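Here is the structure we will look at, set down as structure tokens.
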């Protein structure tokens, strides 16, 4: 990153190649849309490039990058929520009933049958999407980016105690949603 | 509760049940985030408490279910598209800087050209005046009209001369050979 801040184009290319899959994966787990995930990842790299002069190596580069990504993801989710509110008005369905709807549609009249991998994937995704935005981000950073509580705190601007609380609530909520399929 | 303490709590706590310290400890233990002495204490509790062991097992298995979530990687052309965007951004930024720096003093580049034009006009005016005074003595045309006539070419082409950038540009223009063939090596 220090080379990037000195306008080294090759260094920037290496940086993109090194982090692009992680970044697209992170956004995909948050927004569940590959195209949007790529757009957001690209925007994150553009922001890194714009801010290259201001980068100070006080934190790990990946922490800095994911902080940018977290801000972008938050804006995206808030924007999507606003758009949904506008389009649905007061007729929006309670999100807590979504999982039950999926379960009913998927399982039909045989609730105890073995779910196939696609169905299980959809159920898990639905359960994760029911988490609050912050819980979801913490889960994705911890589960898929293998970040420690401290790193998650740095990315999300929280203390480790708050991250601990956030993740325990998230895991409890996931357990409540998915334990009948354990 | 102080603001600092509030910041240390789960920011989503207002939309969830009150925090459960034992659950937090259990999850932190499963995540490998518990200090060794606290972990040892919890392991003792797990050994003696069937309900706690069952809760830990369910939390762990639920967490492992996330493995089925589809992953996504960047598309084949992602790197190229991103670097192209950066290139465009970089070029646009350079152009903006150039425009910004020149727009800070819009007359900066015009000043030498203006001086040049005024000098040229002055020279032509003086020369023209002398000639006009001689001419008017013989033709009866007034001094003012004679000066206008003398500078007619300049006045008619003033619009074309206005955009001339600066003196340096004119000097460079002057150095360009009129017949490029002259520059060709024999």
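Residue numbers (the numbering used here), protein chains in the order written: chain L, 1 to 182; chain Y, 1001 to 1186.
Positions of the beta carbon are idealized from the N, C-alpha and C atoms, including for glycine.
If you're wondering where the values come from, they're calculated on a predicted model, not measured in any experiment.
Starting from the C-beta of residue 32(L), find all residues in its chain whose C-beta is less than 8 Å away, skip the five residues before and the five after it, and write them out in chain order.
For the purposes of this step, residue 32(L) is identified with residue 32 of the first chain, where counting begins at 1. These residues qualify, in order along the chain: 125, 129.
Going by other Cβ atoms of all chains shown within 10 Å of its Cβ, with 16 needed for buried, is residue 1035(Y) buried or exposed?
Residue numbering aside, residue 1035(Y) sits at position 35 when the second chain is read from its first letter. Counting Cβ neighbours within 10 Å, residue 1035(Y) comes out exposed, since fewer than 16 surround it.
Looking only at C-alpha atoms, which of 54(L), 72(L), 154(L), 182(L) sits nearest to residue 133(L)?
As a working note, residue 133(L) is residue 133 in the first chain. For the set 54(L), 72(L), 154(L), 182(L), the Cα lying nearest the Cα of residue 133(L) is the one of 72(L).
CB-CB under 7 Å to residue 38(L), same chain, minus the five flanking residues each way: which ones, in chain order?
Translated into the one-based positions of the first chain, residue 38(L) becomes position 38. If we look at residue 38(L) and ignore the five residues flanking it on each side, its Cβ neighbours are 24.
Enclosing alpha helix (DSSP H) for residue 160(L) [first to last residue]:
By 1-based counting over the first chain, the position of residue 160(L) is 160. It spans 160–178 - the alpha helix (DSSP H) in which residue 160(L) sits, taken as one unbroken run.
Is there contact here, the region 134–146 of chain L with the region 1086–1097 of chain Y, by at least three beta-carbon pairs under 8 Å?
no
Alpha carbons only, please: which of 180(L), 41(L), 175(L), 7(L) is nearest the one belonging to residue 17(L)?
As a first step, residue 17(L) must be located in the first chain, where it is residue number 17. The shortest C-alpha separation from residue 17(L) is found at 41(L).
Under a CB-based cut-off of 7 Å, is residue 1088(Y) close to chain L?
Here the question's residue 1088(Y) lines up with position 88 in the second chain. Cβ-Cβ to chain L under 7 Å: no for residue 1088(Y).
Among 1148(Y), 1069(Y), 1078(Y), 1095(Y), which one has its Cα closest to the Cα of residue 117(L)?
Numbered from its first residue, the first chain carries residue 117(L) at position 117. Among 1148(Y), 1069(Y), 1078(Y), 1095(Y), the Cα nearest to that of residue 117(L) is on 1069(Y).
With distance defined between alpha-carbon atoms, name the residue in 45(L), 21(L), 46(L) nearest to residue 34(L).
Translated into positions along the first chain, residue 34(L) becomes position 34. The shortest Cα separation from residue 34(L) among 45(L), 21(L), 46(L) belongs to 21(L).
Go to residue 23(L), then tell me how far its alpha helix (DSSP H) extends in each direction, as first and last residue.
The count along the first chain starts at 1 and reaches residue 23(L) at position 23. 9–31 is the extent of the alpha helix (DSSP H) around residue 23(L).
What are the boundary residues of the alpha helix (DSSP H) that residue 1048(Y) is part of?
The residue given as residue 1048(Y) occupies position 48 in the second chain. Counting along the chain, the alpha helix (DSSP H) containing residue 1048(Y) begins and ends at 1036–1048.
How many angstroms separate the CA atom of residue 58(L) from the CA atom of residue 1047(Y)?
For the purposes of this step, residue 58(L) is taken as the residue at position 58 of the first chain. For the purposes of this step, residue 1047(Y) is taken as the residue at position 47 of the second chain. Spanning the two alpha carbons is a distance of roughly 43 Å.
Closest to residue 30(L) by CA distance: which of 131(L), 165(L), 172(L), 167(L) is it?
Taking the first residue of the first chain as position 1, residue 30(L) is located at position 30. The option with the nearest alpha carbon to residue 30(L) is 131(L).
Proximal residues of chain Y, C-beta to C-beta of residue 38(L) below 8 Å
To locate residue 38(L), count along the first chain from 1; it is residue 38. The answer, in chain order, is 1074, 1075, 1078.
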